[in-house]
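Enquirer: Structure below; questions to follow.
Numbering (my numbering), first residue to last: 25 to 405.
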């Protein structure tokens, strides 16, 4: 009899032990992340992924409850190599994985086609860095971004080129991507409206490294300013070749060139104040400490400086989680309405969205480079 009671007790203990993991982790929340982890802007894609992963780790450390159940967050990371076809393949894979939300993609050129796939599946997507106006122009209710768009960014840079840099003759180059052409177009419109003359418009690709022919043509037009719509992987070599050809003009660009890596890519060819660029984001002085604290934690965790959009990737994950908490559900259809009326205070500032999914009152930060280090000029809205 005692032997039977002992066996019964052991069976009950084993049963409770087996049930314990299910009780501790009742809800698995999969957050998809897509960015270029290979290719010439892999450093930017990894930066974004690190920010998202840091948010997932912080959420798990907080023991978040969703609908009265303990939530365990997982990051499902995919590489799109900044290629639209690979981007849609990655999006389809995440849909098949039944992710609860997506942070990404990094580029506008991959975010736009991928957004159709997520929208069809009803999965919310928040891009931390896609700035093309077209990204939120398709009427998808599941598409959001936490940074200002190219209309704001290009427009601000165009006006700054004329009003502050006193540019009169301006040459424009773009890399033929959705982002590069979009920001170059917006810059050109604003610069012309401010009184400048666009003396040349040239095109390259997002894989180019030789700009001698384009720059030789531009040199003959004697520009005060050259605007490049594209990424730092091209802007660095472009700066070196500008120096080799004796072109004495400011180089301007959007957030794609506005990275800590640009000075390394340019080598010794970057002069102080030669480059002016804008980051589609930025914080007022009152918000600076939380952002600085994030950057310090990021460096301690990953052993490297933030490139540019890791804080926005971090906030995008946190916004998704906050909407799930408020809805009491991680099911996209149930938390999406809460996401649409979200009001969240993140490390990058206050985050809420308009009817299109654009961030309200988005900020821009103007930067230059001194002594090879990126230096802030100021934050504008």
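The C-beta atom is built at its ideal place from N, Cα and C for all residues, glycine as well.
Please report how far the alpha carbon of residue 82 lies from the alpha carbon of residue 272, in whole angstroms.
Expert: Going from the Cα of residue 82 to the Cα of residue 272 covers about 47 Å.
Enquirer: In this structure, how does DSSP classify residue 310 when only helix, strand and coil are distinguished?
Expert: In this structure, residue 310 counts as helix in the three-state DSSP scheme.
Enquirer: Across which residues does DSSP place residue 392 in a beta bridge pair?
Expert: According to DSSP, residue 392 bridges with 300, 399.
Enquirer: Rounding to the nearest angstrom, what Cα-Cα distance links residue 105 and residue 133 in this structure?
Expert: Approximately 11 Å, taken between the alpha carbons.
Enquirer: Considering only the beta carbon of each residue, do residue 343 and residue 80 sit closer than 8 Å?
Expert: Their beta carbons are not under 8 Å apart, which means residue 343 does not touch residue 80 by this criterion.
Enquirer: Going by other Cβ atoms of all chains shown within 10 Å of its Cβ, with 16 needed for buried, is residue 325 buried or exposed?
Expert: With fewer than 16 Cβ atoms within 10 Å of its Cβ, residue 325 is classed as exposed.
Enquirer: Short check: CB of residue 59 to CB of residue 69, under 8 Å?
Expert: The answer is yes: Cβ separation under 8 Å.
Enquirer: Beta-carbon within less than 7 Å of residue 359's beta-carbon, same chain only, minus the 5 sequence neighbours each way: which residues are those?
Expert: Excluding positions up to five away in sequence, the list reads 347, 348, 351, 353.
Enquirer: May I ask which residues mark the beginning and end of the beta strand (DSSP E) holding residue 222?
Expert: Counting along the chain, the beta strand (DSSP E) containing residue 222 begins and ends at 221-227.
Enquirer: Is the beta carbon of residue 192 closer than 8 Å to that of residue 13?
Expert: What is shown of the chain runs 25 to 405, which leaves residue 13 out entirely.
Enquirer: Would you call the region 235-242 and the region 203-221 in contact, with 3 or more CB pairs under 8 Å?
Expert: The answer is no - the region 203-221 does not touch the region 235-242, with fewer than three Cβ pairs under 8 Å.
Enquirer: Hey, could you find the ends of the alpha helix (DSSP H) residue 67 is sitting in?
Expert: Unbroken alpha helix (DSSP H) run through residue 67: 66-86.
Enquirer: Going by CA-CA distance only, name the one from 230, 180, 251, 331 that's closest to residue 397.
Expert: With distances taken between Cα atoms, residue 397 lies closest to 331.
Enquirer: Assuming residue 356 and residue 147 form a contact by the criterion Cβ under 8 Å, report the distance between their Cβ atoms to the nearest whole angstrom.
Expert: Rounded, the Cβ-Cβ distance is 5 Å, consistent with contact.
Enquirer: Considering just the uninterrupted stretch of the alpha helix (DSSP H) at residue 255, what are its terminal residues?
Expert: Note, residue 255: premise wrong, no alpha helix (DSSP H); not H, not E.
Enquirer: To which residues does DSSP link residue 9 through a beta bridge?
Expert: No answer is possible for residue 9: it lies beyond the span of the chain, which begins at 25 and ends at 405.
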